[in-house]
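*Asks:*
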Amino acid sequence: MRGERTGSYDHTCWLFSSTARTWKILTIVLAMPGVGICMANAYMKAQAHSHGQPEFVPYSHLRIRTKVIL
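Numbered by the numbering used here, the letters in the sequence shown go through residues 910 to 979 in order.
Below, the structure written as structure tokens:
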């Protein structure tokens, strides 16, 4: 009959739920701490290299204006 569930379908659902659970655990245990470590590393590097902007050098070839400003 149409819409009737078979035994193989139940097995497939169990297989996918087990796989989803495995990926969920891997995400929580490995991915989230990994992202946190990368964020901490980026923050520490930004703090170590914090300095002001370099002095402005007016290069004329970088500011070519061709549009008429009214």
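The beta-carbon is built from N, C-alpha and C at its ideal position, and this holds for glycine as well. Owing to the predicted nature of the structure, the values given are computational and were not obtained by experimental measurement.
#1: To the nearest angstrom, how far is the alpha carbon of residue 965 from that of residue 977?
#2: Could you check the C-alpha separation between residue 952 and residue 936 for me, to the nearest Å?
#3: May I ask which residues mark the beginning and end of the alpha helix (DSSP H) holding residue 944?
#4: With DSSP as the reference, label residue 971 as helix, strand or coil.
#5: Out of curiosity, what's the CA-to-CA distance linking residue 933 and residue 942?
*Replies:* Put simply:
#1: Here the question's residue 965 lines up with position 56 in the sequence shown. Here the question's residue 977 lines up with position 68 in the sequence shown. Approximately 25 Å between the Cα atoms of the pair.
#2: Translated into positions along the sequence shown, residue 952 becomes position 43. Translated into positions along the sequence shown, residue 936 becomes position 27. So the two alpha carbons sit approximately 23 Å from each other.
#3: Translated into positions along the sequence shown, residue 944 becomes position 35. Its alpha helix (DSSP H) spans residues 941 to 957.
#4: The residue given as residue 971 occupies position 62 in the sequence shown. In the structure shown, the three-state DSSP call for residue 971 is helix.
#5: Locating residue 933 in the sequence shown gives position 24, where the first residue counts as 1. Locating residue 942 in the sequence shown gives position 33, where the first residue counts as 1. Straight across, the Cα-Cα distance linking residue 933 with residue 942 is about 14 Å.
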